[in-house]
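Under the UniProt record's numbering, the letters of the sequence shown match residues 1 to 302, in that order. Idealized CB from N, CA, C, for every residue including glycine. Written below as structure tokens is the structure these notes are about.
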Amino acid sequence: MIMRGVFQNSGQNCLGIERILVQEENYEYVVSELKEQISQLRVGDYRNLAGLVDMGAMTMGQTALFKIQELVNDAVQNGADLVVGGSQLKFTPNGCFYKPTLLTNVKPDMRIAQEEVFGPVACVYKFSNDDECLRIINNCKLGLGATVFVNDRRRAKKYIDGIEAGVISVNEFGTHYMNQALPFGGTKDSGYGRFGGVEGLRACCLMKTVTMDKSRFLKPSLPRHVVYPILENSKSYVKELFYLIYSRTFFLKWEALRNIMIMHVYQAFEPTPRAIDKYLVECLEQELVLAEAERDDAVSQT
């Protein structure tokens, strides 16, 4: 499944596997298996070769070949081990074929770990525990898809919650793409929005919000406290509205409603300040003092 994820369409898949993270006790075995299978891949133009081929050309031509070679060379120069491949194949003068490539001992800060390769290159990383694995996965500006191979469902849940990606498969690769009722899309620099499913349809729509009275006999009117010119206690009136709408406790909502009703009858009524009001004012004053101090420091440094 890893081989299919990396080398299908010569690695030219938006959801293709580019980084393979292996726990250290399984690392040597996985690398050995990948080396053997990658070495057996047949590359070329099936029209000019006798028999079958596993991989064709790079559809984006010399530009793609240059980018792939640049990333592979940078990784090797910075300590990665080139196990298989790593160069262009010359079948024809204008052919754009690249050897199936395996890189090991790849580090998360290498360019090949931070940029999309979009080619037939398998990069293998080693990790010791789940927390380190998640750090390596998320230490990247891209976040389209991830595949987790694990036997423990609770451990799988940790990866599902921790990986910063728009699409995650567990013990599968790419099967969700066949279900067009599911949304598809990434996070961070991996595109924007979704296609597929309800979310995909909504992404193609211009949403319009409309509000209107349900009854023609009810006409809206503004309370006197929010009509210009404002009153002395207009600020208190608006504050009570906020308590009524956004407060999470029944007591504060009831108290705010009572104060609003009194202010409608007695426009000059001023509610008694709450303890939380004083606390919020103190916090705001502290924030203002800190902001002024930071501004003064910035001015003095310039």
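Pairwise C-alpha distance: residue j and residue i
i, j, result
"Asp109", "Asp45", "36 Å"
"Leu241", "Asn259", "9 Å"
"Asp54", "Asn179", "26 Å"
"Arg111", "Gln77", "11 Å"
"Lys253", "Lys239", "12 Å"
"Leu280", "Lys107", "48 Å"
"Asp277", "Asn233", "15 Å"
"Cys204", "Gly193", "10 Å"
"Val30", "Gln40", "16 Å"
"Lys141", "Thr249", "41 Å"
"Asp297", "Glu287", "15 Å"
Exposure of residue i, with buried meaning 16 or more beta-carbon neighbours within 10 Å
i, result
"Ala291", "exposed"
"Phe251", "exposed"
"Val117", "buried"
"residue 375", "Outside the displayed span of the chain (1 to 302) sits residue 375, for which this structure offers no information."
"Met212", "exposed"
9 Å Cβ cutoff met for residue i and residue j
i, j, result
"Gln12", "Lys126", "no"
"Gly166", "Gly186", "yes"
"Tyr27", "Val124", "yes"
"Pro100", "Ile20", "no"
"Ser10", "Gly119", "yes"
"Leu71", "Val43", "no"
"Gly191", "Glu164", "no"
"Tyr177", "Leu284", "no"
Own chain, CB closer than 8 Å to residue i, minus 5 neighbours either side, in chain order
i, result
"Ile17", "Ile2, Gly5, Val6, Ala122, Thr147 and Phe173"
"Arg175", "Before going on, a small fix: residue 175 reads as Thr here, not Arg. Taken in chain order, the residues that qualify are Ser169."
"Gly51", "Arg42"
Cβ-based neighbour list, residue i, same chain, cut-off 7 Å, excluding 5 preceding and 5 following
i, result
"Asp35", "Note on residue identity: the sequence assigns Lys, not Asp, to residue 35. Taken in chain order, the residues that qualify are Val83, Val84 and Leu102."
"Gln62", "Cys96"
"Glu294", "none"
"Lys158", "Asp130"
"Ser236", "Glu270 and Pro271"
"Cys133", "Leu21 and Phe127"
"Gln114", "Cys140 and Lys141"
Proximal residues to residue i (C-beta, below 6 Å), its chain only, five neighbours per side dropped
i, result
"Asp81", "Thr104 and Asn105"
"Val150", "Ala156"
"Ile137", "Ile163"
"Ala256", "Glu240, Tyr243 and Leu244"
Any non-hydrogen atom of the ligand SAM closer than 8 Å to residue i Cβ
i, result
"Gly197", "As far as ligands go, the structure on display features none, and thus does not contain the ligand SAM."
Complete alpha helix (DSSP H) runs within the segment 128-157 (minimum length 4 residues, chain order): Uninterrupted alpha helix (DSSP H) stretches at least 4 residues long and entirely within the segment 128-157 occur at 130-138, given in chain order.
Ordered list of alpha helix (DSSP H) runs contained in the segment 175-248, each at least 4 residues: 197-203 and 234-246
Every unbroken beta strand (DSSP E) within the segment 33-73, with a cutoff of 3 residues, ordered by chain: none
Contained beta strand (DSSP E) runs [length at least 3] in the segment 72-126, N- to C-terminal order: 81-84 and 101-104
Those runs of the alpha helix (DSSP H) which lie wholly inside the segment 241-302 and span at least 4 residues: Within the segment 241-302, the complete alpha helix (DSSP H) runs of at least 4 residues are 250-265 and 275-301.
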